[in-house]
Amino acid sequence: MTSQAANQNRARIPPAKSEGKRLVDDHPVKVQHDQVPGAPESLTTFYRDFDESGRLTHGHGLVEFRRTQALLRRHLPPPPARVLDVGGGPGVHATWLADDGYDVLLLDPVEQHVARATALAAGRFTARTGDARSLDRAPGTVDAVLLLGPLYHLPDPADRATALREAVRSARPGGLVAVAAISRVGGGAVDAVRRDLLAEPAVRSAVHDVLNTGWTRLAPAFYFHTPDELGAELLAADLLDVRVHGLEGPAWALVPDHAGSSDPIVTTVADLADLADADPMTVGASSHLLAIGHTSSSGSVQLQAQ
Numbered sequence: 253m254t255s256q257a258a259n260q261n262r263a264r265i266p267p268a269k270s271e272g273k274r275l276v277d278d279h280p281v282k283v284q285h286d287q288v289p290g291a292p293e294s295l296t297t298f299y300r301d302f303d304e305s306g307r308l309t310h311g312h313g314l315v316e317f318r319r320t321q322a323l324l325r326r327h328l329p330p331p332p333a334r335v336l337d338v339g340g341g342p343g344v345h346a347t348w349l350a351d352d353g354y355d356v357l358l359l360d361p362v363e364q365h366v367a368r369a370t371a372l373a374a375g376r377f378t379a380r381t382g383d384a385r386s387l388d389r390a391p392g393t394v395d396a397v398l399l400l401g402p403l404y405h406l407p408d409p410a411d412r413a414t415a416l417r418e419a420v421r422s423a424r425p426g427g428l429v430a431v432a433a434i435s436r437v438g439g440g441a442v443d444a445v446r447r448d449l450l451a452e453p454a455v456r457s458a459v460h461d462v463l464n465t466g467w468t469r470l471a472p473a474f475y476f477h478t479p480d481e482l483g484a485e486l487l488a489a490d491l492l493d494v495r496v497h498g499l500e501g502p503a504w505a506l507v508p509d510h511a512g513s514s515d516p517i518v519t520t521v522a523d524l525a526d527l528a529d530a531d532p533m534t535v536g537a538s539s540h541l542l543a544i545g546h547t548s549s550s551g552s553v554q555l556q557a558q
């Protein structure tokens, strides 16, 4: 990668020569292997210099943004519904949601993100520090809860279950819960191939670990899901009518890192992602997944076919 935009684009498996310091996104960070994966201090270290908002403005990150926006607009209740954006980072999604007329509260454990989101909000939404595993909300007080990052920073399944229970608790009966995840195949294996790294022994070993366990020591603050696993976790949290979408689709790796909003390849790949979403065999090829379900006090729980 030669441009600043390319350097900020998300890549999941680090080069073998990283020696534990280049974990994600070709960005030098200092998350130590002896830190607790997914702990707030490790997230603060990772995001200290990384531009999370910039990641979604170019390359396959732009496809991810467009598809996330389209799916949420399709499934969210109409504005001015109350939306809790948990792990909302610097406010990329909170901004357009507020502009659409939603009443948005953003929570994030990284103080730097909250500061950036507050500046970006300019009074349109509220941003506060908060942890997905312990939401300071009364039960049933929001219409929708978004977890567009927390689950892939919680390698411990008990932590993910807690975060999902907190989301369900915070949403009103019949409310929407939307959860993003990184795909083991797309965000792990395909990304290593895209970066021409699979021949390196350390990367090959990391990809093997990701495909088989969802976690690797080369990226200790991240967890990778299969579509079935993500759906099962939502069902275990008593969410109903769960559907797992592939965000970027099967052709996301063809998008150049420098591609911008005016590049036809971005629109073409996003269109294919929308078409391929009906085929469950292609969902895991996406770099990211988005699972959507609803809360309910009664009724049978089922995982919808794609």
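Residue numbers (the numbering used here): 253 to 558. Every residue gets a Cβ at the ideal spot worked out from N, C-alpha and C, and that includes glycine. From a predicted model like this one, the values you see are computed outputs, not experimental measurements.
Which same chain residues, not among the five before or five after residue i, have their C-beta less than 8 Å away from its C-beta?
| i | result |
| --- | --- |
| residue 404 | 432, 433, 434, 474, 475, 476, 477 |
| residue 536 | 435, 436, 437, 438, 478, 479, 498 |
Reducing DSSP to helix, strand and coil, say where residue i ends up.
| i | result |
| --- | --- |
| residue 469 | coil |
| residue 553 | Unreliable placement is indicated for residue 553, whose pLDDT of 40 sits below 50; the coordinate value is still reported in the next sentence. It is coil, neither helix nor strand. |
| residue 319 | helix |
| residue 530 | coil |
| residue 457 | helix |
| residue 541 | strand |
| residue 493 | strand |
| residue 536 | coil |
| residue 310 | coil |
| residue 285 | For residue 285, the predicted model reports a pLDDT of 31, less than 50, meaning its position is unreliable; a value from the coordinates is still stated below. Note: residue 285 maps to coil in three-state DSSP. |
| residue 514 | coil |
Going by the beta-carbon positions, is the gap between residue i and residue j smaller than 8 Å?
| i | j | result |
| --- | --- | --- |
| residue 416 | residue 440 | no |
| residue 376 | residue 350 | yes |
| residue 395 | residue 334 | yes |
| residue 397 | residue 336 | yes |
| residue 517 | residue 527 | no |
Within its chain, find whatever has a CB closer than 7 Å to the CB of residue i; leave out the 5 residues flanking it on each side and keep chain order.
| i | result |
| --- | --- |
| residue 425 | 392, 547, 548, 549 |
| residue 366 | 360, 379, 380, 381 |
| residue 353 | 331, 332 |
| residue 299 | 362, 364, 365 |
Can you grab the Cα-Cα spacing for the pair residue i / residue j, in whole Å?
| i | j | result |
| --- | --- | --- |
| residue 399 | residue 504 | 22 Å |
| residue 451 | residue 524 | 29 Å |
| residue 509 | residue 443 | 12 Å |
| residue 356 | residue 343 | 10 Å |
| residue 455 | residue 470 | 8 Å |
| residue 347 | residue 373 | 7 Å |
| residue 409 | residue 481 | 11 Å |
| residue 586 | residue 428 | Residue 586 falls outside the range modelled here, since the chain spans only 253 to 558, and no answer is possible. |
| residue 384 | residue 514 | 35 Å |
| residue 318 | residue 522 | 7 Å |
Kindly list the residues whose CB is nearer than 6 Å to the CB of residue i, restricted to its own chain and excluding five residues on each side of it in sequence; keep chain order.
| i | result |
| --- | --- |
| residue 329 | 395 |
| residue 430 | 398, 544 |
Check: Hey, which unbroken runs of the alpha helix (DSSP H) at 4 residues or more fall wholly within the segment 330-381?
Finding: If only complete runs of 4 or more residues are kept, the segment 330-381 shows the alpha helix (DSSP H) at 344-351, 363-373, in order along the chain.
Checklist line | Uninterrupted alpha helix (DSSP H) stretches inside the segment 392-439 (no shorter than 4 residues) | finding: Taken in chain order, the complete alpha helix (DSSP H) segments of 4 residues or longer contained in the segment 392-439 are 409-422.
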